[in-house]
Each structure stands twice: as C-alpha cells, then as structure tokens.
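Here's the structure, in structure tokens; my notes come after.
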Amino acid sequence: MLAFVVRLLQVQAVDASAYAAKADKYRFQEYTLSAERGEITDRNGIALAASVDAYDITADPKLFTPEEAKVPDAPEQAAALLAPLLGKEPAELAKKLRTPKSRYTLLARKQTPQVWNQIKDLRRVYGQKAQPSAGGNGVNLLGGILSEPSTKRVYPNGELAAGILGYVNAEGKGAGGVESMLDGALAGQDGKIRFTQSGGRQVPTAGSQGTPAVPGSDIELTIDRDIQWAAQQAITEQVTKSKADRGYVVVQNTRTGEVLAMANAPGFDPNDLSAANAAAMGNAALQDAYEPGSTSKVMSMAAVLEEGKATPDTHVTVPNRLHRGDRLFKDDVDHKTWYLTLNGVLAKSSNIGTILATGQLGATQAESNKVLHSYLRKFGMGSPTGLGYPGETPGILAKPEDWSTSQQYTIPFGQGLSVSAMQAASVYSTIANGGVRVAPTLVRGTKGPDGRFTPAAKPQESRVVSEKTAKTLAQMLESVVDDREGTGNKAAIPGYRVAGKTGTANRVDPELGRYKGYTASFAGFAPADDPQITVYCAIQNPTKGSYFGGQLCGPIYKKVMEFALKTLHVAPTGSQPARLPVTFEPTP
Numbered sequence: 002m003l004a005f006v007v008r009l010l011q012v013q014a015v016d017a018s019a020y021a022a023k024a025d026k027y028r029f030q031e032y033t034l035s036a037e038r039g040e041i042t043d044r045n046g047i048a049l050a051a052s053v054d055a056y057d058i059t060a061d062p063k064l065f066t067p068e069e070a071k072v073p074d075a076p077e078q079a080a081a082l083l084a085p086l087l088g089k090e091p092a093e094l095a096k097k098l099r100t101p102k103s104r105y106t107l108l109a110r111k112q113t114p115q116v117w118n119q120i121k122d123l124r125r126v127y128g129q130k131a132q133p134s135a136g137g138n139g140v141n142l143l144g145g146i147l148s149e150p151s152t153k154r155v156y157p158n159g160e161l162a163a164g165i166l167g168y169v170n171a172e173g174k175g176a177g178g179v180e181s182m183l184d185g186a187l188a189g190q191d192g193k194i195r196f197t198q199s200g201g202r203q204v205p206t207a208g209s210q211g212t213p214a215v216p217g218s219d220i221e222l223t224i225d226r227d228i229q230w231a232a233q234q235a236i237t238e239q240v241t242k243s244k245a246d247r248g249y250v251v252v253q254n255t256r257t258g259e260v261l262a263m264a265n266a267p268g269f270d271p272n273d274l275s276a277a278n279a280a281a282m283g284n285a286a287l288q289d290a291y292e293p294g295s296t297s298k299v300m301s302m303a304a305v306l307e308e309g310k311a312t313p314d315t316h317v318t319v320p321n322r323l324h325r326g327d328r329l330f331k332d333d334v335d336h337k338t339w340y341l342t343l344n345g346v347l348a349k350s351s352n353i354g355t356i357l358a359t360g361q362l363g364a365t366q367a368e369s370n371k372v373l374h375s376y377l378r379k380f381g382m383g384s385p386t387g388l389g390y391p392g393e394t395p396g397i398l399a400k401p402e403d404w405s406t407s408q409q410y411t412i413p414f415g416q417g418l419s420v421s422a423m424q425a426a427s428v429y430s431t432i433a434n435g436g437v438r439v440a441p442t443l444v445r446g447t448k449g450p451d452g453r454f455t456p457a458a459k460p461q462e463s464r465v466v467s468e469k470t471a472k473t474l475a476q477m478l479e480s481v482v483d484d485r486e487g488t489g490n491k492a493a494i495p496g497y498r499v500a501g502k503t504g505t506a507n508r509v510d511p512e513l514g515r516y517k518g519y520t521a522s523f524a525g526f527a528p529a530d531d532p533q534i535t536v537y538c539a540i541q542n543p544t545k546g547s548y549f550g551g552q553l554c555g556p557i558y559k560k561v562m563e564f565a566l567k568t569l570h571v572a573p574t575g576s577q578p579a580r581l582p583v584t585f586e587p588t589p
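In the numbering used here, each number is its position in the sequence shown, counted from 1, plus 1.
Listed below in structure tokens is the structure:
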C-alpha cells in the first residue's frame, strides 16, 4: 500500500505536468479548416469556376501498428482496399500508413463525397467483421481511416474559357490564369480547430476551440459566356479544318474596353489536367507574340492622316516592285502599276503603297521612323495591355534607331514587330472609340464574404488620334469589306456596316528561329457608323487550304460578330457607307 501511495503522489503531484503534457500530445488533435474558394462568374453571374464539397482522406498511423491493429501487415491490407477507391498505388499508401511516431498522415486530397461514402461503407463492413461474435479480433482494420472536410475546384463548362480561368494545383492554389492572378482574393483565409480525440475520433463532450475560416471573394469577369462559346466554337472548327498550330479570337466592347470573349484553340479541360497538353494550358491570346502583318497597317495610316501628310483621296502610284534599302519589296500578288488612293492602299492591302505613304512622315527616313514609332507606342505596342495577366507578353517593338535597314520598311506593313492578339484587338477598339484608347479589362468587380459588390477600378484612357482621324479610318476600313476591290469581302454582315482589315504575315517558327508558314488574321468592328464591338481573329501556321487572312479569318469574324451583335441586341445600321474611292485615273 505504501508503494502504491508513493507512486500515486509521484504521478499526481511530482511529475503531474510531464504526464499531462504527454497525455495532451495524444489527446488533442489540430486541423486546418480550409477556406471555401470564391467563385469566378461571367458578367451575368453564371458560374465559370466553383467549389464543391470534398474530403481530404487522412489516417492515424498509430492505429495501424501491430500492437494496435493486432496484425503485422495492417498497412498493406488497408492500402490494398483503399487504392482502387483513391486512385493511388497500394505501395504508396502503405508507406504513408507506416509513418513512424505520427498520429496523422494525408492519403489523398479533394476526394468527392461519393468516394468518402464508399470508404465509410467499407469501414462499417470491416467493423462488423471485427466483432468477436463474428470471429474477429475486435479491431477494425480501417478504423484509423478518417477525413477532413474540404472543397474541390470544378469548372462547369469544361474547356470553355479555360485559357482565361486557368486552374488550381493539388494544394488548391491558383496555378494559372485568373485563378493565379487573383489567388489572394479567391483563396480566403484558412481557419484552425483543436479538439479532444480518442482512438482517432473526436470526443463530442470535450468541446473544441479554434478560428473559423473566412471564405474567398467571388470574382465577376467581363466575359459573356454565350459570346465566349460562339468564339471558341468558331476558332476551334477553323483551326481543325485548316490543320493549323493554334488560333485565337478576342471580342471587346469598343467603348468600355471590357473583354467579352477570349478564346483559344486548342484548349484544355481544367477538370482533367492529366489529359491536358502542356502547350495548350496557357492563354495564347495574351502570351503569344507574333508579327501581325497587314492588320497593323491601320496604325501606319493613322499616323499619316493625323500628321496631315495625306487624305483618303491622296493619289499613290504603286509599282510592281519597290527597291528600298537592301530589299526589293512586292505586294501579295503580281500586278501592273496600280493607281490607288490612300484609301485604296488600305483596301487592297498594298505593302508598297504603305511604304510610300509612311515615307512622307518625315523629311528623312530616320525622322519618318521616329514619328511612326511614336504612334505605335501610343496604340500600345511594346507594352503590356494593362490586364495584369500572368505571363502576358508586351510584344516586341525596337527603338527606331535600332531598326534594321529592312525593318524601316517592313514595320509599316506589320513585319518586324510582334504583338499579342489582345494588343491587336485593342488597336481597332481605339479607332472605333473615336481615337481614345481604353485599357482592356477582364474583371468587372468582386463580391466579398459579406455579399457586398465592389466594382473594379476604371481603366486608364489616353487619346491616340483625333476623333476626325478615327472617323476617317473607320470609313477607309469599310472599303476593305464593302468595296469589290477590298480583301475582306467574306466578313460582310447583311444589315450592318462593317469596318475591318485582313492580315497575312510571314510567321517566325519558334523552334526553327526563322520564317516558316503564315499568320492569317482579320480585325474589325461594327456597326462602322456606331462602333460597339471589336472582333479580332488570328490563326497560326495553317497547312491545309488557303492561308490568307480574308479567306480564313474573315468568316470567323463574321460568325462571331453576328452572334455578338444579336446577343447584345445591337440594332442594324440605318445609313449607307461613304464608299470612298479606291483607284484614280492617271493623267495621260
């Protein structure tokens, strides 16, 4: 009795704190409470990315030791049962269940409620088998398998807008697109909970303590899901048909700068990253830099008009060949001498005519280069668009003093500089908006956990050319589509006046580092007399059929623009186009 009394005093008095600390180590369990990730919606509140209930499957390795499980190979037996449900290798799971001196291990993240229900059913069956009355040893083989409530990211529309949205990684962090760009706002703040446990289970009567998780904010994009769908269908179909490397379509509100659609082909399904092609997992419309070709000529014409060096009626005699610097320049077709107006140079997309027109910008070629460069910069060339999108390219535009002998003459018609599809679309939106550039926007606002909506900051605006010049350019761009001499007839839309420009550029192959293949493009806005929507399309390296922008991208422009005009209830045009002259009769 004396020995027992002494031992009792030692345990309850002398060494009480040490034993209490040891007991706490095994009695209390602390878990992280994952914050629910905010939704990403389109401009109409339709979910593009959402979070659904899920479970992280965990285990208490101590309950799988030979002493606790009463069998020497409990980890291997449990792993064999769980592997088919979790999609894991049995050896991987067994290794985690044998984690020494641990009461917690994570077996699998973000499992569906269905998977957890299957595990619970299996655990219940083995619990019944473990009963002594059923001939068991009283120990449930799966008794140490537990779960933690979590959420799983899902994309209800599959591939739709995947290039914009991006995806989340295995840890639930944004790893691409808007998911990465706005991860801080979407993620929220995790909480913690600490509770008393026994045998791996919470003791209900012991209570718990901790801090609750704070949900992330919802993000409302400027994207219109229906217009995005139309753009993605159109570009995917044409890329497949022409056996091209890739393609993109950008749709923008000309007045607000809001991006209504940004589609890429090929794309990927963020719900199944294991099947995705790594090369297609970005947003090529913002991350690809390529030479734009003739769609860039509108900036050259803007400079010529704004500087007062010519008018749409100015006569430009265009020879079959033009020798400049170290090169002999030609147009895309052989021709006798053309007698074109400046409007005709744009309508027929003459490289030679564009070189001759921009050569008037300064007293010398060097001065002309500086003037043209200043306008290219004003239009946003060589700078990020302002979206703040991860991995966005600023494009390539060298300083005018660094332009090579050939670049002095190729840059005016769109070779020797590089842009992204979003930059190219912004150029046409600037002209459509009366010469004022509005920085593109992709986010309309955020809705916090309290339900309050906060609009995004207003985009920056800057005047590039005068309203008069912009209006003149719009009329000239109509000739590209409306006039029989124009290169963009396939983009015409019955009932609407359309302004647009074709582009067919030599393409730099990123692997070979030299020109190989073509970039076909079309850019424009409608209605031309009251511009509201810009559509830009580009297809890289088409290898089947035509490679001309008017033939490949003109029909895509028409299809997407028609859909957008109807979706946004834009009324048909009531006036007739100016029909500026394209050619002139030379004097004898």
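By construction, the Cβ of each residue, glycine as well, lies at the ideal position given by its N, Cα and C atoms.
Burial state of residue i (16 or more Cβ within 10 Å)
i: V317; result: buried
i: T406; result: exposed
i: T342; result: buried
i: K174; result: exposed
i: N170; result: exposed
i: K349; result: buried
i: S103; result: exposed
i: Q129; result: exposed
i: K97; result: buried
i: N278; result: exposed
i: S576; result: exposed
i: Q239; result: buried
i: E292; result: buried
i: D335; result: exposed
Close-in-space but distant-in-sequence residues of the same chain around residue i (CB under 7 Å, 5 per side omitted)
i: Q119; result: L86
i: A92; result: none
i: D219; result: G39, E40, T42, T447 and K448
i: A264; result: Q229, A232, Q233, I236, Y249 and V250
Under 8 Å between C-beta atoms of residue i and residue j
i: D191; j: A214; result: yes
i: K89; j: A70; result: no
i: Y168; j: L274; result: yes
i: S301; j: P413; result: yes
i: I397; j: L418; result: yes
i: A95; j: T296; result: no
i: V583; j: D484; result: yes
i: A565; j: L161; result: no
i: A506; j: G294; result: yes
i: S369; j: V319; result: no
i: T520; j: Q552; result: no
i: T36; j: G217; result: At residue 36 the sequence reads Ala, which differs from the Thr that was named. A contact, by the Cβ cut-off of 8 Å.
i: E479; j: R498; result: yes
i: R44; j: D225; result: yes
Contact set for residue i: own chain, Cβ-Cβ below 8 Å, skip 5 residues either direction
i: Y410; result: R325, G326, R328, F330 and I356
i: G46; result: E221
i: S384; result: R378, P395 and G396
i: Q366; result: G360 and Q409
i: E77; result: P91 and A95
i: P133; result: G139
Proximal residues to residue i (C-beta, below 6 Å), its chain only, five neighbours per side dropped
i: G446; result: E221, F454, T455, P456 and A457
i: C538; result: V250, F523, C554, I557 and Y558
i: L287; result: Y390, E393, S421 and M423
i: P587; result: Y340
Enclosing alpha helix (DSSP H) for residue i [first to last residue]
i: Q115; result: P114 to A131
i: G363; result: Per DSSP, G363 belongs to no alpha helix (DSSP H) and is neither H nor E.
i: K469; result: E468 to D483
i: N344; result: L343 to A348
Residue i CB to nearest heavy atom of the ligand NAP below 7 Å
i: S351; result: In the structure shown, the ligand NAP is absent, as is every other ligand, since no ligand is present at all.
Interface flag, residue i vs chain B, CB-CB below 8 Å
i: E90; result: No chain B appears in the structure shown, which is made up of a single protein chain.
Range covered by the beta strand (DSSP E) that runs through residue i
i: N265; result: V260 to A266
i: A276; result: Counting along the chain, A276 falls outside any beta strand (DSSP E), and DSSP gives it neither H nor E.
i: D1; result: Outside the shown range of the chain (2 to 589) lies residue 1, about which nothing can therefore be said.
Would the segment 459-468 and the segment 303-321 be scored as touching if the rule is three or more Cβ pairs under 8 Å? Yes, they touch.
Does the segment 552-568 come close enough to the segment 487-495 that 3 or more CB-CB pairs lie under 8 Å? Taking 8 Å as the limit for Cβ pairs, the verdict is that the segment 552-568 does touch the segment 487-495.
Would you check if there are 3 or more beta carbon pairs closer than 8 Å linking the segment 139-157 to the segment 55-62? yes
Determine contact between the segment 253-262 and the segment 133-140, defined as no fewer than three beta-carbon pairs at a distance below 8 Å. no
Quick test of the definition: if touching needs 3 or more C-beta pairs under 8 Å, does the segment 468-484 touch the segment 425-442? yes
So, do the segment 539-546 and the segment 235-248 have three or more beta carbon pairs nearer to each other than 8 Å? yes
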